[in-house]
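Quick notes on the structure that follows.
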Amino acid sequence: MSAGSIPKHVATISLVLALLAAQSPGNGQVRAERTKAEVDALIGQAGSTTPDWWDSTELEYPETLDLNWPVQQGFAEGPGRFEERGRGRGRGRRGGPGRRGGPFEGDGRGFGQEWGSPTNVDEYLIRVVYPNPSRHQAGVKLVHHLMIRHKDDQEKLKRSLNTLGGMFYELFGDYARAAFWWQKCADMGGTTDSVKLARCYFELGSRTTAAELLSQTDSGSTRSTKDLVKLWAKIGEVDKALSMIESMSNTGGGFDRRGPRGMTQSDKYLLSAEICRGAGRYDDAITYYEKVLALPDSETRPWNHHETDDKFQAEVNSTGTRFLKTLDLERVPDGSYTATVEAYGGPMTLQVVLKNGTIESVDVTRHWETYEYLVMAQPTARQIVEKQSFEGVDVITGATVTSDAIINAAAAALTKGMK
Amino acid sequence: MTSSRDGKDKPLRRLLQRLRPTWTQTPGRRLAQALCLIVFLALFFYWSWPHRSDSTSVNVSGSAPVEIFLTLDPLVAISTALAARTMVWSLTAAVVVLAIGVVFPRWFCGYVCPLGTLIDVWDWGIGRRIERFRLTEKGWWVNLRFFFLVGILAAATLGVLLSGFVAAIPVVTRGMLYVFAPLQVGLLRGWDYVPSLNAGQYVSIVLFLAVLGLSLLRPRFWCAYLCPSGALLSVASLLSPTRRQVDSTCTQCGRCLRVCSFDAIAPDYSTYLSRCATCKNCQSICPQQSIQFVRRWGRRTQDAALPAPAAEPAYTRRGFFLGLIGATGAGIGVATGLAREREDHAGSYPVRPPGSVPEARFRRQCIRCGQCMKVCPSNVLQPAGFEQGLDGLWTPTVTADFAGCEPSCNNCGQVCPTGAIRKLPLAEKRAARLGLAVIDTNTCLPHCGKEACGWCFSACAAAGYHAIEYVRVGIEYDNRGAPIAGSGFLAPVILEDKCVGCGLCQARCRAVNLTDKTLLRESAVKIMAGPDREDRIASGSYRELQKKRQERSKPHQVEATENEYLPDFLR
Numbered sequence: 141m142s143a144g145s146i147p148k149h150v151a152t153i154s155l156v157l158a159l160l161a162a163q164s165p166g167n168g169q170v171r172a173e174r175t176k177a178e179v180d181a182l183i184g185q186a187g188s189t190t191p192d193w194w195d196s197t198e199l200e201y202p203e204t205l206d207l208n209w210p211v212q213q214g215f216a217e218g219p220g221r222f223e224e225r226g227r228g229r230g231r232g233r234r235g236g237p238g239r240r241g242g243p244f245e246g247d248g249r250g251f252g253q254e255w256g257s258p259t260n261v262d263e264y265l266i267r268v269v270y271p272n273p274s275r276h277q278a279g280v281k282l283v284h285h286l287m288i289r290h291k292d293d294q295e296k297l298k299r300s301l302n303t304l305g306g307m308f309y310e311l312f313g314d315y316a317r318a319a320f321w322w323q324k325c326a327d328m329g330g331t332t333d334s335v336k337l338a339r340c341y342f343e344l345g346s347r348t349t350a351a352e353l354l355s356q357t358d359s360g361s362t363r364s365t366k367d368l369v370k371l372w373a374k375i376g377e378v379d380k381a382l383s384m385i386e387s388m389s390n391t392g393g394g395f396d397r398r399g400p401r402g403m404t405q406s407d408k409y410l411l412s413a414e415i416c417r418g419a420g421r422y423d424d425a426i427t428y429y430e431k432v433l434a435l436p437d438s439e440t441r442p443w444n445h446h447e448t449d450d451k452f453q454a455e456v457n458s459t460g461t462r463f464l465k466t467l468d469l470e471r472v473p474d475g476s477y478t479a480t481v482e483a484y485g486g487p488m489t490l491q492v493v494l495k496n497g498t499i500e501s502v503d504v505t506r507h508w509e510t511y512e513y514l515v516m517a518q519p520t521a522r523q524i525v526e527k528q529s530f531e532g533v534d535v536i537t538g539a540t541v542t543s544d545a546i547i548n549a550a551a552a553a554l555t556k557g558m559k
Numbered sequence: 002m003t004s005s006r007d008g009k010d011k012p013l014r015r016l017l018q019r020l021r022p023t024w025t026q027t028p029g030r031r032l033a034q035a036l037c038l039i040v041f042l043a044l045f046f047y048w049s050w051p052h053r054s055d056s057t058s059v060n061v062s063g064s065a066p067v068e069i070f071l072t073l074d075p076l077v078a079i080s081t082a083l084a085a086r087t088m089v090w091s092l093t094a095a096v097v098v099l100a101i102g103v104v105f106p107r108w109f110c111g112y113v114c115p116l117g118t119l120i121d122v123w124d125w126g127i128g129r130r131i132e133r134f135r136l137t138e139k140g141w142w143v144n145l146r147f148f149f150l151v152g153i154l155a156a157a158t159l160g161v162l163l164s165g166f167v168a169a170i171p172v173v174t175r176g177m178l179y180v181f182a183p184l185q186v187g188l189l190r191g192w193d194y195v196p197s198l199n200a201g202q203y204v205s206i207v208l209f210l211a212v213l214g215l216s217l218l219r220p221r222f223w224c225a226y227l228c229p230s231g232a233l234l235s236v237a238s239l240l241s242p243t244r245r246q247v248d249s250t251c252t253q254c255g256r257c258l259r260v261c262s263f264d265a266i267a268p269d270y271s272t273y274l275s276r277c278a279t280c281k282n283c284q285s286i287c288p289q290q291s292i293q294f295v296r297r298w299g300r301r302t303q304d305a306a307l308p309a310p311a312a313e314p315a316y317t318r319r320g321f322f323l324g325l326i327g328a329t330g331a332g333i334g335v336a337t338g339l340a341r342e343r344e345d346h347a348g349s350y351p352v353r354p355p356g357s358v359p360e361a362r363f364r365r366q367c368i369r370c371g372q373c374m375k376v377c378p379s380n381v382l383q384p385a386g387f388e389q390g391l392d393g394l395w396t397p398t399v400t401a402d403f404a405g406c407e408p409s410c411n412n413c414g415q416v417c418p419t420g421a422i423r424k425l426p427l428a429e430k431r432a433a434r435l436g437l438a439v440i441d442t443n444t445c446l447p448h449c450g451k452e453a454c455g456w457c458f459s460a461c462a463a464a465g466y467h468a469i470e471y472v473r474v475g476i477e478y479d480n481r482g483a484p485i486a487g488s489g490f491l492a493p494v495i496l497e498d499k500c501v502g503c504g505l506c507q508a509r510c511r512a513v514n515l516t517d518k519t520l521l522r523e524s525a526v527k528i529m530a531g532p533d534r535e536d537r538i539a540s541g542s543y544r545e546l547q548k549k550r551q552e553r554s555k556p557h558q559v560e561a562t563e564n565e566y567l568p569d570f571l572r
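Residue numbers (my numbering), protein chains in the order written: chain A, 141 to 559; chain B, 2 to 572.
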């Protein structure tokens, strides 16, 4: 179904204006359901508007990039794979005049410099553009440039449209523009991520369309299965999500970082608890956490540098959930409240400011998280302020511990102030 | 003056007498000395301390001319100007000091020099109580200072600066720095902040203590026989219009001999003009008032009874000149040796303070006084040991193991007396590259897949340089060959067009991963200097240089021919 079926004329514009005016200011109330046609109109209009940063952003990319954009399976890991380079046992070498060898001696410039000459566009995007917010806008312009360059090559055109949609979704959280580019890609017969498209429809106001799209989706990797299940729960189908989790197979894939992660029983309980918590079903969430704590230790993931400790997570989250259960925002006077909870790398201190009865800000003031996780979990803090409640607040896949910590700490802080 | 015959001021005299006899005899001089020493110490320990609570900024510039004593030392100014072939602004001060020295011989030594005063204090406190080592005869050392002087000037002509090793004010500045500054840091900031001493610093401490210790041989041994700055002033005093004169009322009691700090009185009570500092101690102690300071070429008064000033017993005139020639040769030899040593070490580049002039000139202009190290708020500047050879000894190097070069500070350039570190405004200093950070991907934790870490990134961002960004390494792939989102680690990369080499990353990595977590044995990111990695210009703007460099290294930019967001073929 394309947005072009409705003429882009006065009718659309007035309709869109009316729809935009009808948007609620984010006080947590459920928005009136929009039809697919209405959302499509929104996508067609808002999605095709030039972003305000467009004209001021330069199109810049490394000279070495191959703009023919060939598909490449797997990326080179630089000079030698990790095993060959040594596992960082901290071998320090003392330099002396004239000694060569090793990056700190002679004229060694360190291996960090080779990342400056990438050839593959996808690799460049994943390695360099996505991790650095300052490069996001120029990255979008690069892919846009490729789209125009390859407009006569069907495959590459589809790839560029799909990538553009993905970038607006992931990097900017811009659902309308993401859906716009994805629609263009689908119009040409390309495949897009239907879970993410469903999310766009949901965020733009059409729950039913989101549900339709989700029912047509089959689960791929574990990670997208988690996103699928979480979106089902987000649009309101919590029981359906819970039963989907139940029916997933126990891979028991071990706790090896490099092996397939799979969903262990403990993972399934934690995911179910997360869903229940986000839906406001606090007692169910606590039940799931207790199930995790009841599992034998061998079946739950212990702590190491890469993973979190399942039982510890269950412990910390169920404490937070208990706070959520008894929290009543109306009984919290205006002011600033802080609380410290255990997060991924260490204790996290969070400050919540209430003004005129509304949550004005949620800020992490001290933490030991790595940059990546904190940036990924930012939407959690933002959504608490936008929704003015904890229901429907996202726990970001891939940064669950940090997101949970933000929720736990905000709940604890507000409970402290509750009269 | 308050001579022993004066009956007035008895309580004052008694007070002064408890100090030393010379306070009663020449209180003006002692007062001047005390004042200069107090000012010197205040400048060094108070005004050079960048952490005073009454100021919010770390800058010492503008508060006091902390390097003023260094600029007053005439040998420092002349030898630096010669060696570096530039006009050092402190030359004007040196000329003034020497000019006064013509009229008032060695006034600097007797009235101003803090090293001299320090030696006097040492003599008073400790030296005079130990009699064992006292010399009874003079020896070959009596003219050493002239040999030092000539050697230094010869070396300076060849472009090697040696005066920093033996000139008076650098010696005392370094002594204060290596012996007492660590105590100040330890007491006021905490003992964790005190960096460890290297071999070169121990050598300097030993030399300083030796200078004091030599007074056991004879009070003010250094000033009388060794100090080349004093030698330069003595040369000026050869033109002096006044001289000491003893008349026939002299009873040869010997008091003046004992009291003369500079050993300027011959056994026959005539004067060694080259050493006389006109301190007038002898005049005030002489019970017969036999001593006057008269015009040199004026009419003679009644001293016909005494012979003309005698030569030193240890030297004949010929011996003295041979010694001078030998010293010149030694100076040339040392200079040549050090120049050759510079070539041997050509491959290793020490990291210098921001705003340093190019290295070859730096070695010729830095007098190794240590003033810059004193004012560095984070003790990043440390004296080099012997790793650069003798020529690099005691020169300031950036050691970013414990702290980085503070972005809000430009102290070192403000206080350098010779301009080896240029006086830069803060905006210029922030653009001057000390070096470049280089990441060792063999040990950096995310680069070798060990664990996530971003301390260097956050240190650089917090300082406002934003010269570190991330690259994703260790990406994992699913069975279709597509990369798994979020897999791998974010590892730091240095943006070379933004990094100024301040070392905050190095210090942070070391603090967290080495000191705190003991995961590494040294920092995984280090500042390295060298031709492409640092900016060292003797004049001109560093910001302009940075702009040009950034223009050159800008990534490929395409003329956006299709700037339209929604192209036609998609409408």
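Here a beta-carbon is modelled for each residue, glycine too, at the ideal position from N, C-alpha and C.
Around MET177(B), the same chain offers PHE45 as residues with beta carbons nearer than 7 Å, after the five sequence neighbours per side are excluded. Sorting CYS406(B), CYS510(B), ASP269(B) by C-alpha distance to the C-alpha of ARG431(B) places CYS406(B) at the top. Here ILE206(B) carries a helix assignment [DSSP, helix/strand/coil].
Under the criterion of beta carbons closer than 8 Å, LEU337(A) and TRP321(A) do not qualify as touching, at roughly 11 Å. For the region 267 to 282 of chain A, the set of residues with a beta-carbon nearer than 7 Å to any beta-carbon of chain B comprises ARG267, VAL268, PRO271, ASN272, in chain order. The beta carbon of TYR428(A) does not come within 9 Å of any beta carbon belonging to chain B, so the residue lies off that interface. Annotation: HIS276(A) to PRO359(B) spans about 40 Å, alpha carbon to alpha carbon. Nearest C-alpha to GLY279(A) among ALA326(A), LEU205(A), THR498(A), ALA316(A): LEU205(A). Interface annotation, TRP209(A): not in contact with chain B, CB-CB separation never under 9 Å. Take LEU546(B), set aside five residues on each side of it, and the residues of its chain with a beta-carbon closer than 6 Å to its own are ASP536, in chain order. In this structure, the beta-carbon distance from CYS510(B) to CYS461(B) does not fall below 9 Å. Among the residues facing chain B, TRP194(A) is included, as its CB has a counterpart in that chain under 9 Å away. For TYR309(A), not one C-beta of chain B is nearer than 9 Å to its own C-beta.
Under the 8 Å Cβ criterion, the region 352 to 370 of chain B counts as touching the region 77 to 97 of chain B, having at least three qualifying pairs.
CA-CA distance, LEU76(B) to ARG221(B), rounds to 19 Å. For ARG365(B), the enclosing alpha helix (DSSP H) starts and ends at 360 to 366. Contact between GLY187(B) and LEU394(B) is ruled out by a C-beta separation of about 24 Å, above the 8 Å threshold.
In the DSSP annotation of this structure, the continuous segment of the alpha helix (DSSP H) that includes VAL40(B) starts and ends at 28 to 42. With fewer than 16 other beta carbons inside 10 angstroms of its own, ARG572(B) counts as exposed.
Around LYS324(A), the beta-carbon contacts reaching into chain B at under 7 Å are LEU571.
If you look at GLY465(B), you'll find it isn't in any alpha helix (DSSP H); DSSP assigns it neither H nor E.
Around the beta-carbon of TRP209(A), 16 or more other beta-carbon atoms lie within 10 Å, marking it buried. Between GLY255(B) and ASP402(B), the alpha-carbon positions lie close to 59 Å from each other. A Cβ-Cβ separation of about 4 Å places SER346(A) in contact with VAL179(A) under the 8 Å criterion. For THR190(A), the chain B residues whose Cβ falls inside 7 Å of its Cβ are TYR566, in order along the chain. The C-beta of TYR315(A) comes no closer than 9 Å to any C-beta of chain B.
Listed along chain A are PRO271, ASN272, each with a C-beta nearer than 7 Å to that of TYR471(B). If you draw a straight line from the Cα of ALA157(B) to the Cα of PHE149(B), it comes to about 12 Å.
Inter-segment contact for the region 462 to 476 of chain B and the region 490 to 509 of chain B is present: three or more beta-carbon pairs are separated by less than 8 Å. Shown here, LYS430(B) sits in a helix according to DSSP, grouped into three states. With respect to the 9 Å criterion, GLN523(A) and VAL533(A) are classified as neighbours on the basis of their beta carbons. By the Cβ test, the region 499 to 517 of chain B is not in contact with the region 416 to 425 of chain B, since fewer than three Cβ pairs between them sit closer than 8 Å. For THR398(B), the secondary structure class from DSSP, reduced to helix, strand or coil, is strand.
In this structure, VAL378(A) lies away from ILE426(A), with their beta-carbon atoms at least 9 Å apart. For PRO384(B), the closest Cβ of chain A is not nearer than 9 Å. With 16 or more neighbouring CB atoms inside 10 Å of its own CB, GLU429(B) falls in the buried class.
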